[in-house]
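*Asks:*
Protein chains: 2
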Amino acid sequence: MTTTSPQGRTELLRPDGSPVRVLVVDDEPSITELLSMALRYEGWQIRSAGDGTGAVQTAREFRPDAVVLDMMLPDMDGLTVLGRLRRELPDVPVLFLTAKDAVEDRIAGLTAGGDDYVTKPFSLEEVVARLRGLIRRSGAADRRSDSVLVVGDLTLDEDSHEVSRAGEGIHLTATEFELLRFLMRNPRRVLSKAQILDRVWSYDFGGQANVVELYISYLRRKIDAGREPMIHTRRGAGYLIKPAAS
Amino acid sequence: MTTTSPQGRTELLRPDGSPVRVLVVDDEPSITELLSMALRYEGWQIRSAGDGTGAVQTAREFRPDAVVLDMMLPDMDGLTVLGRLRRELPDVPVLFLTAKDAVEDRIAGLTAGGDDYVTKPFSLEEVVARLRGLIRRSGAADRRSDSVLVVGDLTLDEDSHEVSRAGEGIHLTATEFELLRFLMRNPRRVLSKAQILDRVWSYDFGGQANVVELYISYLRRKIDAGREPMIHTRRGAGYLIKPAAS
DNA sequence: CTACAACCTGTGATTTTCCTGAGAAACGCA
DNA sequence: TGCGTTTCTCAGGAAAATCACAGGTTGTAG
C-alpha cells in the first residue's frame, strides 16, 4: 500500500497500513546512525545492531520487512549471519553493504535470491532506492506500489532507469538520475544544496558544494530545454521541482 | 496456469492457483541455501533436507511438485533415495545434481523417465530453467504455459534452444543462450553485472567480472548486428533488453 | 543605483566505465 | 588423439561521466 503524506511524499506501507520495519546491522555506529536517520525519514521503523549476534536476536523479536547488513562484522562472517537470519525470517530481503574492492573477488550469490547490495561509500538515495525496490518486490508492501515516479508530464522509472518528459525519452547519467529521483520524490518542496549533497552524493564526498549547481544545470538542459521549466531555484534556500502547469 | 508478477516476470502456478512446491535435497548447507533463495525468488514454496532420510520424510508431508536431488548424500545412495521418493510420490519429476565426472550412464538411464539433471557446479538460471521445464511437462502447472520467450521480434525457445530475430535463425553458444534467456526473462529491466554473474555463471565462478561485458559484446554481434539494437547499456547500472521499437 | 552574494555554465583535466581484439586454455566430439 | 569450438584472461583504446575552476549573470539588500 502507498499513501501520500501531507508534504506530497509517497511512502511505502505494509498491507495492514502499519509502517515498514527495517533492521540495520553495522559495527560502525556512525553508519548505523546515518542510515537510521535517513530511513526513519522515509517513515519507516528502524532498529539497529552492531554485530551478528545482536542482529539475529533483534530480528527474532522485531521481525523486520528488510535488513541492511554489513558484510564485515566483528563477531561472525557475513554469510553466517545471513544463514541465521534466514532461519528466523526465510523471506526477508537483505541489502548488503560491502567494501568496493571486496565485491570484486570473493562474494558470489549476493543477488541470487533477489537480494541486493551497495558498496561503501554509498549515497543515502541509493540505499533508500534499493531498499524500496527490495521491499516492493518481496511483497511486504502492497503490490499496487509501482516503480514509476510522476511529476506533471515528467516520469522516471526506477526499474528500467528510463526518464521521459511529455512522452519523449531522455538519457540521464547515473548522478543526474539520482538527483532527479530525489527531486521527484519531494515534489513542490524546497531542497537545500546541503540536503541534496547529503542524500545524493556518497557520505564521504569531499568536493566542492557547487557540484549541485552544476548537476542542476545539466538536468535543466535535458529536462527543461525549450519547455516550460519544472526545476526552480529558490535563491538562498535551494531547489524544487513541480509540474509546469502551476 | 501462469500469472504475471508486479515485476513483469511470468511465474508458474499450480492449476488451483497455489504456488508450486519444490523440495531441495543436498548435504551442503551452502548449496541448499543458495538454491532455496533462488527458487523462492521464483515465487515457489521451498523445503530442504540434508540427507536421504530427511528427504523422504519431508516429501511425505510436504508433497512437492518437483524435487532437486543431489546424487551424493551421506546416508544413502542416490538411487535408493530416488526409489523411496518414488514410493511416496510416483509421478513427481526429479532434477538430479551430480558431479561433473560422475558416471553419466546411470543418470542417462534415469532421465529417460522424464527426469533431468545438471552437473555441479551449476548456474542458477540453468537449474531454474530445467525445473520449470520439468514442472511444466509433468502437468503440475498449467500446460498452457509455454516455453517461448518473446521480446519484440526476438524469440527464444527454452525447449529447443532455438533463437531467432525477425524470423532469421541465430546460433548461440550455451553461455550466450543463458545470458540472453536471463535478459529476456527480465525485459526492460536493468540488470547489473553482479546480478548477471550470480544467475548465469556457476556459483563457483571466480573470474573477472568483465566476462559479462564480453558476452554482451558477443550477443550484440549476433542479435543486434546491422539492426536496431535491443541490448542497451546503462552505464554504471547494468544492461537491459527491450523491443527495438521503443 | 550599486555592490555583493548567490547562482549559472563553458572549458577541460581526470577518472571511471565499457568495448573488443588477440590469444591461451579447456572442452567436446569424432 | 586431434581438431574445431567455446570459454575466459588480458590489455589497449574509446567513450562517457564526474568534477574543479573561473568568469559571467542574476537577484536583492541597502
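Taken in order, these protein sequences are the chains called R and V. Each residue of the first sequence is one higher than the one before, counting from 1 in UniProt numbering. Each residue of the second sequence is one higher than the one before, counting from 1 in UniProt numbering. Idealized CB from N, CA, C, for every residue including glycine.
Helix or strand or just coil, what does DSSP make of V:Ala59?
*Replies:* In the second sequence, counting from the first residue as 1, residue 59 of chain V sits at position 59. Here V:Ala59 sits in helix by DSSP.
*Asks:* Could you spell out the range, first to last residue, of the alpha helix (DSSP H) harbouring V:Phe96?
*Replies:* Here residue 96 of chain V is taken as the residue at index 96 of the second sequence, counted from 1. Taken as a continuous stretch (DSSP letters only), V:Phe96 belongs to no alpha helix (DSSP H), being part of the beta strand (DSSP E) at 94-99.
*Asks:* Identify the contact partners of R:His161 in chain V, using a Cβ-Cβ distance below 7 Å as the criterion.
*Replies:* The residue you call residue 161 of chain R lines up with position 161 of the first sequence. Correct list: Val190, Arg234, Ala237.
*Asks:* Give me the DSSP bridge partner(s) of V:Thr155.
*Replies:* For the purposes of this step, residue 155 of chain V is taken as the residue at position 155 of the second sequence. Per DSSP, V:Val150, V:Ser164.
*Asks:* If the cut is a Cβ gap below 8 Å, which residues of chain R does V:Asp198 touch?
*Replies:* One-based indexing of the second sequence puts residue 198 of chain V at position 198. By Cβ distance, chain R contributes Ala108, Gly109, Leu110, Thr111, Ala112.
*Asks:* Output the boundary residues of the alpha helix (DSSP H) element that contains R:Val211.
*Replies:* Taking the first residue of the first sequence as position 1, residue 211 of chain R is located at position 211. Its alpha helix (DSSP H) spans residues 211-223.
*Asks:* Would you kindly work out how many angstroms separate the C-alpha atoms of R:Ala209 and R:Thr173, rounded to a whole number?
*Replies:* Taking the first residue of the first sequence as position 1, residue 209 of chain R is located at position 209. Taking the first residue of the first sequence as position 1, residue 173 of chain R is located at position 173. Distance between the alpha carbons of R:Ala209 and R:Thr173: 19 Å.
*Asks:* Do R:Ala237 and R:Ser192 come within 8 Å of each other at the CB atom, strictly closer than that value?
*Replies:* Locating residue 192 of chain R in the first sequence gives position 192, where the first residue counts as 1. Locating residue 237 of chain R in the first sequence gives position 237, where the first residue counts as 1. Yes, the Cβ-Cβ distance between R:Ser192 and R:Ala237 is below 8 Å.
*Asks:* Determine the extent of the beta strand (DSSP E) in which V:Tyr117 is found, giving its start and end residues.
*Replies:* Numbered from its first residue, the second sequence carries residue 117 of chain V at position 117. Unbroken beta strand (DSSP E) run through V:Tyr117: 116-120.
*Asks:* Name the chain V residues that come within less than 9 Å of R:Gly83, Cβ to Cβ?
*Replies:* As a position in the first sequence, residue 83 of chain R is number 83, starting the count at 1. Chain V residues near R:Gly83: Pro29, Ser30, Glu33.
*Asks:* State the Cα-Cα distance for the pair R:Leu180 and V:Val128, rounded to the nearest angstrom.
*Replies:* By 1-based counting over the first sequence, the position of residue 180 of chain R is 180. By 1-based counting over the second sequence, the position of residue 128 of chain V is 128. Their backbone Cα atoms lie some 37 Å apart in a straight line.
*Asks:* For the beta strand (DSSP E) holding V:Arg47, just list the boundary residues, first then last.
*Replies:* If you number the second sequence from 1, residue 47 of chain V lands on position 47. Run containing V:Arg47: 45-49, per the beta strand (DSSP E) assignment.
*Asks:* Counting only the same chain and skipping the five closest in sequence on each side, list residues whose C-beta sits under 7 Å from that of R:Ile46.
*Replies:* Mapped onto the first sequence, residue 46 of chain R falls at position 46. Cβ neighbours of R:Ile46 beyond the five flanking positions: Val22, Val24, Ser36, Leu39, Arg40.
*Asks:* Give me, in chain order, the residues of the same chain whose beta-carbon lies closer than 6 Å to that of R:Arg199; leave out the 5 immediate sequence neighbours on both sides.
*Replies:* For this step, residue 199 of chain R is matched to residue 199 along the first sequence. For R:Arg199, where only same-chain residues beyond five positions count, the Cβ hits under 6 Å are Leu124, Glu125, Phe182.
*Asks:* Using the Cα positions of R:Gly169 and R:Pro229, report the straight-line distance between them to the nearest angstrom.
*Replies:* For the purposes of this step, residue 169 of chain R is identified with residue 169 of the first sequence, where counting begins at 1. For the purposes of this step, residue 229 of chain R is identified with residue 229 of the first sequence, where counting begins at 1. About 17 Å.
*Asks:* What first and last residue would you give for the alpha helix (DSSP H) that runs through V:Gly206?
*Replies:* Position 206 of the second sequence, counted from the start, is the residue given in the question as residue 206 of chain V. Per DSSP, V:Gly206 belongs to no alpha helix (DSSP H) and is neither H nor E.
*Asks:* Rounded C-beta distance between R:Gly52 and R:Asp75? I'm assuming under 8 Å.
*Replies:* Numbered from 1 along the first sequence, position 52 holds the residue referred to as residue 52 of chain R. Numbered from 1 along the first sequence, position 75 holds the residue referred to as residue 75 of chain R. Going by Cβ atoms, the distance from R:Gly52 to R:Asp75 rounds to 5 Å, so yes, they are a contact pair.
*Asks:* Taking 8 Å as the threshold, find out whether the segment 130-139 of chain V comes into contact with the segment 53-70 of chain V through three or more Cβ pairs.
*Replies:* Output reads yes: the segment 53-70 of chain V touches the segment 130-139 of chain V.
*Asks:* Looking at the unbroken beta strand (DSSP E) that takes in V:Val20, where does it start and where does it end?
*Replies:* Stepping through the second sequence from its first residue, residue 20 of chain V is reached at position 20. Premise fails: V:Val20 is in no beta strand (DSSP E) and is neither H nor E.
*Asks:* Measuring only the C-alpha atoms, how far is R:Ser164 from R:Ala245?
*Replies:* For this step, residue 164 of chain R is matched to residue 164 along the first sequence. For this step, residue 245 of chain R is matched to residue 245 along the first sequence. Between R:Ser164 and R:Ala245, the C-alpha separation is close to 17 Å.
*Asks:* Since R:Ala59 and R:Leu89 are thought to touch, with beta carbons under 8 Å apart, how far apart are those beta carbons, to the nearest angstrom?
*Replies:* Within the first sequence, the letter at position 59 stands for residue 59 of chain R. Within the first sequence, the letter at position 89 stands for residue 89 of chain R. 6 Å between Cβ atoms; contact.
*Asks:* Any Cβ of chain V within less than 8 Å of the Cβ of R:Gln7?
*Replies:* As a working mapping, residue 7 of chain R is identified with position 7 in the first sequence. Residue placement at R:Gln7 cannot be trusted, given a pLDDT of 48 that sits under 50; what the coordinates show is reported in the next sentence. Answer no: the Cβ-Cβ gap between R:Gln7 and chain V never drops below 8 Å.
*Asks:* If you check the beta carbons only, do R:Tyr215 and R:Thr155 fall under 8 Å apart?
*Replies:* Here the question's residue 215 of chain R lines up with position 215 in the first sequence. Here the question's residue 155 of chain R lines up with position 155 in the first sequence. Cβ distance not < 8 Å, so R:Tyr215 and R:Thr155 don't count as in contact.
*Asks:* Between the alpha carbons of R:Ser160 and V:Gly113, how many angstroms are there, rounded?
*Replies:* Translated into positions along the first sequence, residue 160 of chain R becomes position 160. Translated into positions along the second sequence, residue 113 of chain V becomes position 113. Answer to the nearest angstrom: the Cα atoms are 42 Å apart.
*Asks:* Could you round the C-beta distance between R:Tyr117 and R:Leu95 to whole angstroms and report it? I think they count as a contact, below 8 Å.
*Replies:* Walking along the first sequence from the start, residue 117 of chain R turns up at place 117. Walking along the first sequence from the start, residue 95 of chain R turns up at place 95. Going by Cβ atoms, the distance from R:Tyr117 to R:Leu95 rounds to 7 Å, so yes, they are a contact pair.
*Asks:* Run through chain V and tell me which residues come within less than 8 Å of R:Asp91, C-beta to C-beta.
*Replies:* For the purposes of this step, residue 91 of chain R is identified with residue 91 of the first sequence, where counting begins at 1. Near R:Asp91 (Cβ distances below 8 Å), the residues of chain V are Arg40.
*Asks:* In whole angstroms, what separates the C-alpha of R:Ala55 from that of V:Val92?
*Replies:* By one-based count along the first sequence, residue 55 of chain R stands at place 55. By one-based count along the second sequence, residue 92 of chain V stands at place 92. Distance between the alpha carbons of R:Ala55 and V:Val92: 39 Å.
*Asks:* So the candidates are V:Thr111, V:Thr233, V:Phe122, V:Val81; which of them puts its Cα closest to the Cα of V:Lys100?
*Replies:* Numbered from 1 along the second sequence, position 100 holds the residue referred to as residue 100 of chain V. The shortest C-alpha separation from V:Lys100 is found at V:Phe122.
*Asks:* Which of helix, strand or coil does DSSP assign to V:Asp91?
*Replies:* The count along the second sequence starts at 1 and reaches residue 91 of chain V at position 91. The answer is coil: DSSP assigns V:Asp91 none of H, G, I, E or B.
*Asks:* Taking only three categories from DSSP, how would you classify V:Ala66?
*Replies:* The residue labelled residue 66 of chain V in the question sits at position 66 within the second sequence. In the structure shown, V:Ala66 sits in a strand (DSSP, three-state: E or B).
*Asks:* Can you tell me where the alpha helix (DSSP H) with V:Gly133 in it begins and where it stops?
*Replies:* Position 133 of the second sequence, counted from the start, is the residue given in the question as residue 133 of chain V. 124-138 is the extent of the alpha helix (DSSP H) around V:Gly133.
*Asks:* For the alpha helix (DSSP H) containing V:Thr233, list its first residue and its last residue.
*Replies:* Start at 1 with the first residue of the second sequence, and residue 233 of chain V comes out as number 233. Not the alpha helix (DSSP H): V:Thr233 falls in the beta strand (DSSP E), residues 231-234.
*Asks:* Taking its Cβ as the centre, do 16 or more other Cβ atoms sit within 10 Å of V:Pro187, making it buried, or is it exposed?
*Replies:* Within the second sequence, the letter at position 187 stands for residue 187 of chain V. Under this definition V:Pro187 is a buried residue.
*Asks:* Enumerate in chain order the residues of its own chain whose CB-to-CB distance from R:Asp157 is below 7 Å, with the five nearest sequence positions on each side excluded.
*Replies:* Numbered from its first residue, the first sequence carries residue 157 of chain R at position 157. Excluding positions up to five away in sequence, the list reads Ser147, Val148.
*Asks:* Mapping DSSP to helix, strand and coil, what is R:Asp198?
*Replies:* The count along the first sequence starts at 1 and reaches residue 198 of chain R at position 198. Of the three classes helix, strand and coil, the one that applies to R:Asp198 here is helix, per DSSP.
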